[in-house]
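Visitor: Below are the structure tokens for one structure; questions will follow.
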Amino acid sequence: MSYKAEYDRSMNDPEGFWKEKSEALKWFKAPEKILSQDEHGIFHWFADGEMNTAYMALDYHVENGRGDQVAIIYDSPVTDTKKTYTYTELRDEVAKAAGMLAGLGVEKGDRVIIYMPMIPEAVISMLATARLGAIHSVVFGGFAAPELAQRIEDAQPKVMISASCGIEIKRVIEYKPLLDKAIDLSAHKPQSCIIFQRPQATSPLIAGRDYEWDALMATATPADCVPVKGADPLYILYTSGTTGKPKGVVRENGGHAVALNYSMQAIYNMNPGDVFWAASDVGWVVGHSYIVYAPLLRGCTTIVYEGKPVMTPDAGAFWRITEEYGVKGLFSAPTAFRAIKKDDPNADLINNYDISSLLTIFSAGERLDPPTQEWMMEKTGKPVIDHWWQTETGWGITANLQGVEPMPVKLGSSTMPTPGFNVQILDENGQVLGRNEQGFIALKLPLPPSCLATIWGDVEKFKSSYLQTFDGYYASGDGGYIDEDGYVFVMGRVDDVMNVAGHRLSTGEMEEVVGGHPSVAECAVIARDDDLKGQLPMGLVVLKTGTDIDEETLSKELTQMIRSAIGAIACYKETHIVKRLPKTRSGKTLRKSLRQMVNGQPYVVPSTIDDVTIMPEIEALLREKGVIA
Numbered sequence: 001m002s003y004k005a006e007y008d009r010s011m012n013d014p015e016g017f018w019k020e021k022s023e024a025l026k027w028f029k030a031p032e033k034i035l036s037q038d039e040h041g042i043f044h045w046f047a048d049g050e051m052n053t054a055y056m057a058l059d060y061h062v063e064n065g066r067g068d069q070v071a072i073i074y075d076s077p078v079t080d081t082k083k084t085y086t087y088t089e090l091r092d093e094v095a096k097a098a099g100m101l102a103g104l105g106v107e108k109g110d111r112v113i114i115y116m117p118m119i120p121e122a123v124i125s126m127l128a129t130a131r132l133g134a135i136h137s138v139v140f141g142g143f144a145a146p147e148l149a150q151r152i153e154d155a156q157p158k159v160m161i162s163a164s165c166g167i168e169i170k171r172v173i174e175y176k177p178l179l180d181k182a183i184d185l186s187a188h189k190p191q192s193c194i195i196f197q198r199p200q201a202t203s204p205l206i207a208g209r210d211y212e213w214d215a216l217m218a219t220a221t222p223a224d225c226v227p228v229k230g231a232d233p234l235y236i237l238y239t240s241g242t243t244g245k246p247k248g249v250v251r252e253n254g255g256h257a258v259a260l261n262y263s264m265q266a267i268y269n270m271n272p273g274d275v276f277w278a279a280s281d282v283g284w285v286v287g288h289s290y291i292v293y294a295p296l297l298r299g300c301t302t303i304v305y306e307g308k309p310v311m312t313p314d315a316g317a318f319w320r321i322t323e324e325y326g327v328k329g330l331f332s333a334p335t336a337f338r339a340i341k342k343d344d345p346n347a348d349l350i351n352n353y354d355i356s357s358l359l360t361i362f363s364a365g366e367r368l369d370p371p372t373q374e375w376m377m378e379k380t381g382k383p384v385i386d387h388w389w390q391t392e393t394g395w396g397i398t399a400n401l402q403g404v405e406p407m408p409v410k411l412g413s414s415t416m417p418t419p420g421f422n423v424q425i426l427d428e429n430g431q432v433l434g435r436n437e438q439g440f441i442a443l444k445l446p447l448p449p450s451c452l453a454t455i456w457g458d459v460e461k462f463k464s465s466y467l468q469t470f471d472g473y474y475a476s477g478d479g480g481y482i483d484e485d486g487y488v489f490v491m492g493r494v495d496d497v498m499n500v501a502g503h504r505l506s507t508g509e510m511e512e513v514v515g516g517h518p519s520v521a522e523c524a525v526i527a528r529d530d531d532l533k534g535q536l537p538m539g540l541v542v543l544k545t546g547t548d549i550d551e552e553t554l555s556k557e558l559t560q561m562i563r564s565a566i567g568a569i570a571c572y573k574e575t576h577i578v579k580r581l582p583k584t585r586s587g588k589t590l591r592k593s594l595r596q597m598v599n600g601q602p603y604v605v606p607s608t609i610d611d612v613t614i615m616p617e618i619e620a621l622l623r624e625k626g627v628i629a
């Protein structure tokens, strides 16, 4: 089927389209209500179907002869550990872990917070919670105690599962002190905590509350799958807001399983038995969707990687994993590819590995800048596909459907809307704009399966955050345009548009040009307030390793490049070289915080920042230069 036929059917007959996709999965009771609305006017998919996500992802495959196939490969260069689990082994471990949780009183609908590093036990914990019909909330291991406390207070977990520590490139982070402090800070106190002790740092336990993972697992009775409704929550995942109470995105079991299973075939062209690697973390939505659930629902082999794209041990790590395990599809964030490009600008390390198994490289998390996309395609010889999605949607809003009809790659575009997503560009009044006109990217309701159903415990916050900006639409918060061929260009968050002398200019467009300079590894363009023109662009750039260029020369060359590509109206004149850019752990550059900093405004560093020392480092540098008073 062509892309157009597939997409048109999803628009013209959404219930028929998604009913057919739901039939690819094994339900305990097939849904009859495909799409319905509740008393709040919120849409739900497959509400009356009965199922269990862990059953669909594990038991079903074992029952159908795939039990001996490898389900998970664990590769940890930071601990020099490798391990595999077949589908049968993983099912049995998950059943035991579910029994362990049941022994602590966890039942259908209860919440379990999982605060763990990238180890198999994190995946097992997620699936074990789902097996019981309980609701998990994974918090990125090592998150600061106050942020963890907010999530404990909001989700009110009965049990918490953690590890004694996480391991970074040069340090061991003890989790237990952070966990204990978070519980002290939270008004809600979990009944029990399970601690997976790692040899790099073991934790003392609090009697009556804390239990060791290994001791409980040794005596646990395996638990069966508990049937849930399609509209019952599978998990809560908190978005990384910079202020106020975090928003807990609620993902429902039925729509999630159907959409993710479909996406593995349609977007990623993955079939049962293929090896798929999402180089992310289970603390993020990419890890939920494409390390854990989607590959296992599809019957693929997934990789749990405890390492970095560089320095574990070098910028050849991705290619080593690809060769060693025969990876067919690789998915990571643009920041990972830029880190590889920075440390190995000529891609010499690729030559040490056979990456012939790799058919496609996928990118998401933030916009894939064309210079990085071109570099990756040139050096790997593989298609590098950008696709755009959000924590809230759980899978690609726009994509290049490798399993339906691969489209020509357009640099800077995440290609076309995925079936189910009615993508429109709106003006400030909610009117639909024409082709090549920049505006607000919005999704016409109802959203397709797997998109958030609500905010945990606060349906009004869900409506006010996403549904009230434009009547009948979900507001994505991103800006962009659709070109004459129907390709979508996501230019960044709406608040990353600057106003230079009345001209609205996209920082993403300027970053595309700046990033094209041969000496630049990565960059951020931010708006600096100006008395005359309102705002002026300022570039912060990280140089490629081994590059020798002074700031004045680079600034002049970039000014000329921006003038040639965008025009004199951009008024780009100011560039500063920095050692690194502040980012979230999922790879998003903190442009808003940087913009507030250079304009002398108070700024809040989000809890998701990768390294808390970066912002003060940049602030000191810019003060020294007189950029900040």
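Residue numbering for the sequence shown follows the UniProt record's numbering, starting at 1 and increasing by one per position.
All C-beta atoms, glycine included, are put in the ideal place defined by N, C-alpha and C.
With a threshold of 8 Å, are at least 3 pairs of Cβ atoms found where one atom belongs to the stretch 67-77 and the other to the stretch 185-195?
Guide: Taking 8 Å as the limit for Cβ pairs, the verdict is that the stretch 185-195 does not touch the stretch 67-77.
Visitor: Please go through the same chain and pick out, in chain order, the residues whose beta-carbon is closer than 8 Å to the beta-carbon of E323, but skip the five residues on each side of it.
Guide: Walking along the sequence shown from the start, residue 323 turns up at place 323. Closer than 8 Å at the Cβ level, and outside the excluded window around E323, lie Y353, D354, I355, S357.
Visitor: Ignoring anything shorter than 4 residues, give me the alpha helix (DSSP H) runs that lie fully in the stretch 269-298, in order along the chain.
Guide: 294-298
Visitor: Looking only at DSSP bridge pairs, what is E252 linked to?
Guide: As a first step, residue 252 is located in the sequence shown; it is residue number 252 there, counting from the start. According to DSSP, which records beta bridges pairwise, E252 is partnered with P233.
Visitor: Going by Cα to Cα distance, which pick from P157, V292, P313 is closest to P77?
Guide: Position 77 of the sequence shown holds residue 77. Per the Cα distances, P313.
Visitor: How should T243 be labelled, buried or exposed, when 16 other C-beta atoms within 10 angstroms of its C-beta is the threshold for buried?
Guide: Here residue 243 is taken as the residue at index 243 of the sequence shown, counted from 1. Low local confidence applies: a pLDDT of 45 at T243 is under 50, so the model's placement there is unreliable, with the coordinate-based value given in what follows. That one is exposed.
Visitor: Starting from I562, follow the alpha helix (DSSP H) in both directions and report where the run begins and ends.
Guide: Numbered from its first residue, the sequence shown carries residue 562 at position 562. Here the alpha helix (DSSP H) through I562 covers 551-565.
Visitor: Where does D210 fall in DSSP's three states?
Guide: Within the sequence shown, residue 210 is the residue found at index 210, counting from 1. Three-state DSSP puts D210 in a strand.
Visitor: If distances are taken between C-alpha atoms only, which option among L359, D483, W277 comes closest to K410?
Guide: The residue given as residue 410 occupies position 410 in the sequence shown. For the residues L359, D483, W277, the minimum Cα distance to K410 belongs to D483.
Visitor: Using beta-carbon positions only, say whether V292 and A364 come within less than 8 Å of one another.
Guide: If you number the sequence shown from 1, residue 292 lands on position 292. If you number the sequence shown from 1, residue 364 lands on position 364. Contact flag unset, no.
Visitor: Identify whether R66 lies in helix, strand or coil by the three-state DSSP scheme.
Guide: For this step, residue 66 is matched to residue 66 along the sequence shown. Looking at R66 - three-state DSSP - the assignment turns out to be coil, as it is neither helix nor strand.
Visitor: With F28 as the anchor, note down where its alpha helix (DSSP H) starts and where it stops.
Guide: Taking the sequence shown and counting its residues from 1, the one referred to as residue 28 is at position 28. Careful: F28 lies outside any alpha helix (DSSP H) and carries neither H nor E.
Visitor: Run through DSSP, which three-state label would Y175 get?
Guide: For the purposes of this step, residue 175 is taken as the residue at position 175 of the sequence shown. Of the three classes helix, strand and coil, the one that applies to Y175 here is coil, per DSSP.
Visitor: In whole angstroms, what is the alpha-carbon distance linking I385 and G103?
Guide: Walking along the sequence shown from the start, residue 385 turns up at place 385. Walking along the sequence shown from the start, residue 103 turns up at place 103. Answer to the nearest angstrom: the Cα atoms are 45 Å apart.
Visitor: Could I get the ranges of all uninterrupted alpha helix (DSSP H) runs contained in the stretch 60-140, with 4 residues as the minimum, in chain order?
Guide: 60-63, 87-103, 120-131
Visitor: Distance, Cα to Cα, N12 vs K4?
Guide: Within the sequence shown, the letter at position 12 stands for residue 12. Within the sequence shown, the letter at position 4 stands for residue 4. C-alpha separation (whole angstroms): 12 Å.
Visitor: Out of curiosity, what's the CA-to-CA distance linking V627 and E617?
Guide: Walking along the sequence shown from the start, residue 627 turns up at place 627. Walking along the sequence shown from the start, residue 617 turns up at place 617. If I take the Cα positions, the gap works out to 14 Å.
Visitor: Closer than 8 Å is the cut-off here; do at least three beta carbon pairs connect the stretch 192-212 with the stretch 162-169?
Guide: With the rule of 3 Cβ pairs closer than 8 Å, the stretch 192-212 counts as touching the stretch 162-169.
Visitor: To the nearest angstrom, report how far apart T84 and I73 are at their CA atoms.
Guide: As a position in the sequence shown, residue 84 is number 84, starting the count at 1. As a position in the sequence shown, residue 73 is number 73, starting the count at 1. If I take the Cα positions, the gap works out to 5 Å.
Visitor: Check this for me: beta carbons of A527 and R623, under 8 Å apart or not?
Guide: Counted from its first residue, the sequence shown places residue 527 at position 527. Counted from its first residue, the sequence shown places residue 623 at position 623. Against a cut-off of 8 Å, the Cβ pair of R623 and A527 comes out as no contact.
Visitor: Go through its chain and collect everything with a Cβ distance to A57's Cβ below 6 Å, but skip five positions before and after it.
Guide: Position 57 of the sequence shown, counted from the first residue, corresponds to residue 57. Here A57 has L296, L297 as same chain residues with Cβ atoms under 6 Å from its own Cβ, once five neighbours each way along the sequence are excluded.
Visitor: Can you tell me where the beta strand (DSSP E) with L621 in it begins and where it stops?
Guide: Translated into positions along the sequence shown, residue 621 becomes position 621. Segment 614-624 is the alpha helix (DSSP H) holding L621; no beta strand (DSSP E) there.
Visitor: Would you check if the distance between the CB atom of G515 and the CB atom of D610 is smaller than 8 Å?
Guide: If you number the sequence shown from 1, residue 515 lands on position 515. If you number the sequence shown from 1, residue 610 lands on position 610. Their beta carbons are not under 8 Å apart, which means G515 does not touch D610 by this criterion.
Visitor: Between the C-alpha atoms of Q438 and S564, what's the straight-line distance to the nearest angstrom?
Guide: On the sequence shown, residue 438 is found 438 positions in, with the first residue counted as 1. On the sequence shown, residue 564 is found 564 positions in, with the first residue counted as 1. Taking the straight line from one Cα to the other gives about 21 Å.
Visitor: Tell me whether I42 sits in a helix, a strand or coil according to DSSP, three-state version.
Guide: By one-based count along the sequence shown, residue 42 stands at place 42. Correct three-state label for I42: coil.
Visitor: Within 10 angstroms of the Cβ of residue 643, are there 16 or more other Cβ atoms? Answer buried if so, exposed if not.
Guide: Outside the displayed range of the chain (1 to 629) lies residue 643, so it cannot be described from this structure.
Visitor: Scan the stretch 318-376 and note each continuous alpha helix (DSSP H) run of 4 residues or more that stays entirely inside, going in chain order.
Guide: 334-343
Visitor: Quick check on the burial criterion: 16 or more other C-beta atoms within 10 angstroms. Buried or exposed for H44?
Guide: By 1-based counting over the sequence shown, the position of residue 44 is 44. Classification for H44: buried.
Visitor: Quick one: measure Cβ to Cβ for T553 and K573, integer angstroms, because I've assumed they're closer than 8 Å.
Guide: Within the sequence shown, numbered from 1, the residue matching residue 553 stands at position 553. Within the sequence shown, numbered from 1, the residue matching residue 573 stands at position 573. 14 Å between Cβ atoms; not a contact.
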